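Residue numbers (the working numbering), protein chains in the order written: chain A, 207 to 494; chain B, 142 to 542. Beta carbons: idealized from backbone N, C-alpha and C, even for Gly. Please read all numbers here as calculations on a predicted model, not as lab measurements.
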Amino acid sequence: MLFLQILANGLVLGGLYACIAAGFSLVWGVLNVINILHGSFIVLGGYLAFFGYTQYGIHPFVSIAIAAPLFFALGYVLQRTLINRMIAAPVLLTLTLTFGLDLMLANGMLAAFTADFRKLILDPPLGILRLGALVLPIDRIIAMLLALGLTGLLYLTLSRSRMGRAIVAVRMDREAAALMGVNVKHVYALTFGLGALMAGASGPLLAMIFPISPLTGPVYLGKAFVICVLGGLGSVPGAMIGGITLGIVESFGSLWFGPEHATTLSFVLLIAILLMRPEGLLGRKGYA
Amino acid sequence: MKRLSFIARVSTAVLSACLVWSSPLMAQELIRIGAPLPITGPLSPEAKKLQNGINLWVEAVNKVGGIKVGAKRMKVEVVYVDYQSNTPRAVQATERLITQDKVDFMFSPFGSGAAKAASSVSEKYQMPTIAATASSEQVYDQGYKYLFGVYTPNQTLTEPLADLVAKQASGVQRVAILARNDLFPLAIAQEMEKSAKKRGMNVTYFEKYAIGTLDHASALSQIKSQSPHWIFATGYINDLILIKKQMADQGIEAPVVTMIAGPAYKEFVSGLGKGAENVTSAAWWHPAVRYQGKDVFGSTENFNKLFREKYGLDPDYGEASSAASGVVLQLAIEAAGTLDRQKVRDALAAMNTVTFFGPIKFGPTGQVISLDPPVFQVQKGKQVVILPTAIKQGNLQLGVK
């Protein structure tokens with residue numbers, strides 16, 4: 207029974223992890239930009255949900271719909287005005303740029319919201335779902351389903367829509383795509399916008415589960431890194447598989463080796479994957 | 142805008158350099174105390190509390206003309222340095238405050254770990270140092286002569302707690318302990334294990350979680366499978382809010398749930414709402430304690446009143462202990478009648494007095510041994526004292542959902 211409960215915990219956590227990593231993976235895979243801002247975007251989305259709920263009574267699920275276009279616009283503008291200027295530079299330079307932007311955003315949030323940990327408490331709470339002896343919190347289940355839904359939507363956008371095909375084309379071969387008439391700069395900005403959208407939309411989901419503070423940004427970023435390497439860069443199903451793998455490994459690691467070694471185990475797995483399958487579980491160049 | 146702030150920074154730097162330069166002159170009128178604090182980074186909420194307490198004390202002292210040193214009164218100035226929640230930087234900041242800023246006395250950085258790390262610097266320069274927030278005995282077991290702490294050892298928290306639970310909830314047999322893998326949270330968890338075993342309870346689960354853990358679901362599922370009577374979790378406020386929320390997520394209920402250190406803070410109750418109900422905890426101080434002191438605040442009531450006037454909130458134990466570290470230093474300087482470090486150190490070692498914070502007498506290691514830490518429980522959103530009997534505001538309620 208305990209085994210089933212731990213497996214369920216891991217799956218639910220994995221769904222959330224997938225959502226954290228999907229946008230990050232997309233930007234890294236397509237733009238070759240390691241977006242250090244990703245964690246802070248999630249936190250900012252969390253604050254949006256927190257203040258929306260406590261001040262205006264807007265349910266966090268509704269906040270997702272508000273956050274999505276806002277963060278898409280923010281990401282698009284940021285890419286168009288700043289990051290596109292550096293896009294041809296070595297990856298270290300764009301990393302430095304997003305690192306600098308992240309310092310500004312994180313410190314701005316520290317100044318505006320302080321470092322205090324806030325918790326979004328739903329009133330009434332969503333409660334828990336009991337399946338026999340199995341207990342799962344409903345907020346986590348909904349958040350996981352929404353996360354998987356969002357990730358699935360991103361996958362469909364990339365594989366079915368014209369915009370998505372353009373993004374994939376640019377990822378496969380930038381010059382060829384440009385010759386075919388794809389506006390590369392616009393596609394880059396769209397991609398970054400989508401990445402920001404995923405981060406901003408996962409903020410309200412995570413705000414229902416974890417405390418919100420500017421200091422949790424790097425924690426989310428760290429998870430996103432591990433998941434991307436596990437699943438493979440730039441692949442949405444990869445992010446999903448990577449996220450779920452990490453969730454399950456952490457859960458069982460905690461059971462078998464004690465909670466203090468859960469993270470150690472996930473990094474051991476990371477190193478093992480890097481050695482044996484450096485492209486990640488589902489990493490293949492050029493596929494969404 | 143950037144240029145302006147740069148100029149502002151340069152002029153501040155020049156100005157402070159001038160101040161440091163002129164300090165031998167100013168030392169005649171001013172007592173300067175160094176305080177390295179984690180003003181930014183993960184521990185910044187704690188630093189804010191410490192600053193609130195220290196600033197209130199400085200204000201109270203300077204209002205009466207300063208600390209009485211022999212025949213004259215000298216005003217107090219605290220020199221804060223931000224060590225960014227990074228312990229090695231706390232050590233560097235301590236060294237800098239002593240050697241470059243030439244402060245007269247020191248306050249320790251936050252928490253047991255950083256206080257211990259910085260204490261070797263203070264000892265090297267024979268600098269009397271007061272630790273406001275270091276309770277673990279491992280901080281004081283180095284044979285140092287210049288470090289004094291205002292928190293009693295960790296078992297003074299777990300012993301009365303275990304006593305109370307053993308007496309009032311006789312069915313409590315199985316105890317589960319989940320501890321943050323960090324100096325203080327782990328040390329107090331180990332004391333809890335001893336206190337529970339001493340009373341014939343069975344510790345069925347004892348695990349540590351890594352600093353920065355976001356998901357406790359697996360550990361909690363495992364705890365739940367053992368249906369413990371008493372769940373004891375340690376960590377700082379963010380960890381404990383997370384653990385309590387995830388306990389509710391799994392439908393974990395137990396007769397007694399104790400968390401240290403977090404429930405003493407207002408943020409714990411506001412962060413959990415009804416989920417905080419009936420969680421027990423213990424701390425070294427509570428605004429409900431009542432002491433008549435010989436210090437600048439006079440009594441606990443007066444301290445609470447001044448604190449409320451300045452900050453609009455009731456003080457918690459962190460805020461009180463940082464004010465108390467100022468009070469203790471002041472009493473030692475006044476007893477010594479000089480700023481001579483050796484004499485002030487001896488006055489601290491010989492101290493036996495009562496303050497708004499409680500009776501102060503240091504043991505041979507420099508750690509206070511005279512406090513009687515209150516045990517409390519969150520009841521209807523308020524921290525209600527349930528022990529010691531003299532100041533009790535309510536009785537232990539069993540059942541935490």
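Exercise for the section: Whole angstroms is fine: what's the gap from F431 of chain A's alpha carbon to I172 of chain B's? Expected result: As a first step, residue 431 of chain A is located in the first sequence; it is residue number 225 there, counting from the start. As a first step, residue 172 of chain B is located in the second sequence; it is residue number 31 there, counting from the start. Their Cα atoms are separated by approximately 50 Å.
Handout entry: For V437 of chain B, the nearest candidate out of B:T506, B:V202 and B:P404 (CA to CA)
Key = Position 296 of the second sequence, counted from the start, is the residue given in the question as residue 437 of chain B. In terms of Cα proximity to V437 of chain B, the closest of B:T506, B:V202 and B:P404 is B:V202.
Practice task
Could you check how far apart the C-beta atoms of F289 of chain B and G175 of chain B are, in whole angstroms? I think they sit under 8 Å.
Solution key: In the second sequence, counting from the first residue as 1, residue 289 of chain B sits at position 148. In the second sequence, counting from the first residue as 1, residue 175 of chain B sits at position 34. So it is not a contact: roughly 15 Å between Cβ atoms.
Practice task
Mind checking which residues open and close the alpha helix (DSSP H) that includes N193 of chain B?
Solution key: Taking the first residue of the second sequence as position 1, residue 193 of chain B is located at position 52. Counting along the chain, the alpha helix (DSSP H) containing N193 of chain B begins and ends at S185 to K204.
Problem - Proximity of A224 of chain A and A445 of chain A at Cβ, strictly below 8 Å - result: Locating residue 224 of chain A in the first sequence gives position 18, where the first residue counts as 1. Locating residue 445 of chain A in the first sequence gives position 239, where the first residue counts as 1. In this structure, the beta-carbon distance from A224 of chain A to A445 of chain A falls below 8 Å.
Exercise for the section: Return no unless some Cβ of chain B is closer than 8 Å to the Cβ of R366 of chain A. Expected result: Your numbering for residue 366 of chain A matches position 160 in the first sequence. Not flagged as an interface residue toward chain B: R366 of chain A, since no C-beta distance is shorter than 8 Å.
Practice task
Could you name the residues of chain B that F247 of chain A contacts, counting a contact when the two beta carbons are closer than 8 Å?
Solution key: Indexing the first sequence from 1 puts residue 247 of chain A at position 41. The contacting residues do not exist; F247 of chain A stays about 17 Å from chain B at best.
Handout entry: Beta-carbon contacts of I270 of chain A that lie in its chain and below 6 Å, excluding the five residues immediately before and after
Key = As a first step, residue 270 of chain A is located in the first sequence; it is residue number 64 there, counting from the start. Hits under 6 Å: A407 and P410.
Exercise for the section: Compare the C-beta of I242 of chain A against all C-beta atoms of chain B and say whether one is closer than 8 Å. Expected result: Position 36 of the first sequence holds residue 242 of chain A. So, not an interface residue.
Handout entry: Close Cβ partners of I344 of chain A (< 7 Å) along its chain, the five nearest in sequence each way excluded
Key = As a working note, residue 344 of chain A is residue 138 in the first sequence. Closer than 7 Å at Cβ, skipping near neighbours: L332, G333, I334 and L335.
Problem - Three or more C-beta pairs below 8 Å linking the stretch 414-427 of chain B and the stretch 347-364 of chain A - result: The stretch 414-427 of chain B vs the stretch 347-364 of chain A: no contact.
Practice task
Please decide whether I433 of chain A counts as near chain B, where near means a Cβ-Cβ distance under 8 Å.
Solution key: Working through the first sequence from its first residue, we reach residue 433 of chain A at position 227. Not one chain B Cβ lies under 8 Å of I433 of chain A.
Exercise for the section: Return the chain-ordered list of same chain residues with a C-beta closer than 8 Å to the C-beta of L208 of chain A, the five sequence neighbours on each side being excluded. Expected result: The residue labelled residue 208 of chain A in the question sits at position 2 within the first sequence. Within the same chain, L208 of chain A has close Cβ partners L461.
Handout entry: Y377 of chain B classed as buried or exposed, judged by whether at least 16 other C-beta atoms fall within 10 angstroms
Key = In the second sequence, the residue the question calls residue 377 of chain B occupies position 236. Here Y377 of chain B is buried. Its C-beta has 16 or more other C-beta atoms within 10 Å.
Handout entry: Distance, A321 of chain A Cα to G440 of chain A Cα
Key = If you number the first sequence from 1, residue 440 of chain A lands on position 234. If you number the first sequence from 1, residue 321 of chain A lands on position 115. Cα to Cα, G440 of chain A sits roughly 33 Å from A321 of chain A.
Handout entry: Short-range partners of chain B found in the stretch 389-418 of chain A, where Cβ spacing is below 7 Å
Key = Of all residues in the stretch 389-418 of chain A, the ones placed with a Cβ closer than 7 Å to any Cβ belonging to chain B are F416 and P417, in chain order.
Handout entry: Residues of its chain near V344 of chain B, where Cβ-Cβ distance is below 7 Å and the 5 sequence neighbours each way are ignored
Key = As a position in the second sequence, residue 344 of chain B is number 203, starting the count at 1. Closer than 7 Å at the Cβ level, and outside the excluded window around V344 of chain B, lie V316, I318, E334, A337 and K338.
Practice task
Taking the CB atoms as reference points, tell me whether V280 of chain B and A273 of chain B lie closer together than 8 Å.
Solution key: Looking up residue 280 of chain B in the second sequence gives position 139. Looking up residue 273 of chain B in the second sequence gives position 132. No, the pair does not count as a contact, with Cβ atoms beyond the cut-off.
Problem - Under the three-state DSSP convention, the category S511 of chain B falls into - result: As a first step, residue 511 of chain B must be located in the second sequence, where it is residue number 370. The DSSP-derived three-state label of S511 of chain B is coil.
Practice task
Please classify R291 of chain A: is it buried, with 16 or more other beta-carbons within 10 angstroms of its beta-carbon, or exposed?
Solution key: Counted from its first residue, the first sequence places residue 291 of chain A at position 85. With fewer than 16 Cβ atoms within 10 Å of its Cβ, R291 of chain A is classed as exposed.
Handout entry: Interfacial residues, the stretch 334-359 of chain B to chain A, with Cβ spacing under 8 Å
Key = Residues of the stretch 334-359 of chain B with a C-beta less than 8 Å from any C-beta of chain A: E348, K349, Y350, A351, G353, T354, L355, D356, H357, A358 and S359, listed in chain order.
Handout entry: Beta carbon proximity, L421 of chain A to chain B, threshold 8 Å
Key = The residue labelled residue 421 of chain A in the question sits at position 215 within the first sequence. By this cut-off, L421 of chain A is an interface position.
Handout entry: Residue from B:S466, B:V220, B:Y221 and B:D513 with nearest C-alpha to V291 of chain B
Key = By 1-based counting over the second sequence, the position of residue 291 of chain B is 150. Measuring C-alpha to C-alpha distances from V291 of chain B to each of B:S466, B:V220, B:Y221 and B:D513 identifies B:S466 as the nearest.
Problem - Backbone CA spacing between N215 of chain A and V244 of chain B [nearest angstrom] - result: Against the first sequence, residue 215 of chain A aligns to sequence position 9. Against the second sequence, residue 244 of chain B aligns to sequence position 103. For the pair N215 of chain A and V244 of chain B, the Cα-to-Cα distance works out to about 53 Å.
Handout entry: Bridge partner(s) assigned by DSSP for S422 of chain B
Key = Here residue 422 of chain B refers to the residue found at position 281 when the second sequence is read from its first residue. When beta bridges are read from the DSSP output, S422 of chain B appears opposite B:F517.
Problem - Cutoff 6 Å; reference G459 of chain B; Cβ partners in own chain excluding five residues on either side - result: Position 318 of the second sequence, counting from 1, holds the residue named residue 459 of chain B. Counting only Cβ-Cβ distances below 6 Å, and skipping sequence neighbours, we find K190.
Handout entry: Cβ shell of S163 of chain B (< 7 Å), same chain only, five flanking positions each side left out
Key = Counting from 1 along the second sequence, the entry for residue 163 of chain B is found at position 22. Confidence is the limiting factor: at S163 of chain B the pLDDT is only 45, short of 50, which leaves the residue's position unreliable, though a coordinate-based value still follows. There are no such residues.
Practice task
Give the range of the alpha helix (DSSP H) segment to which E278 of chain B is assigned.
Solution key: Here residue 278 of chain B is taken as the residue at index 137 of the second sequence, counted from 1. Looking at the DSSP string, E278 of chain B is not in any alpha helix (DSSP H), and its letter there is neither H nor E.
Exercise for the section: Compare the C-beta of P250 of chain B with all C-beta atoms of chain A and state if any pair is closer than 8 Å. Expected result: Looking up residue 250 of chain B in the second sequence gives position 109. At a cut-off of 8 Å between C-beta atoms, P250 of chain B does not count as an interface residue with respect to chain A.
Practice task
Using 10 angstroms around the beta-carbon of S422 of chain B, count the other beta-carbons present and answer buried if the total reaches 16, otherwise exposed.
Solution key: Taking the first residue of the second sequence as 1, we reach residue 422 of chain B at position 281. S422 of chain B counts as buried, since no fewer than 16 other beta carbons sit within 10 angstroms of its beta carbon.
Handout entry: Euclidean distance between Cα positions of A488 of chain B and A258 of chain B
Key = Here residue 488 of chain B refers to the residue found at position 347 of the second sequence. Here residue 258 of chain B refers to the residue found at position 117 of the second sequence. Their backbone Cα atoms lie some 24 Å apart in a straight line.
Exercise for the section: Identify which residue in A:T422, A:K391 and A:F256 has its Cα closest to the Cα of L328 of chain A. Expected result: Looking up residue 328 of chain A in the first sequence gives position 122. Measuring from the Cα of L328 of chain A, the nearest candidate turns out to be A:F256.
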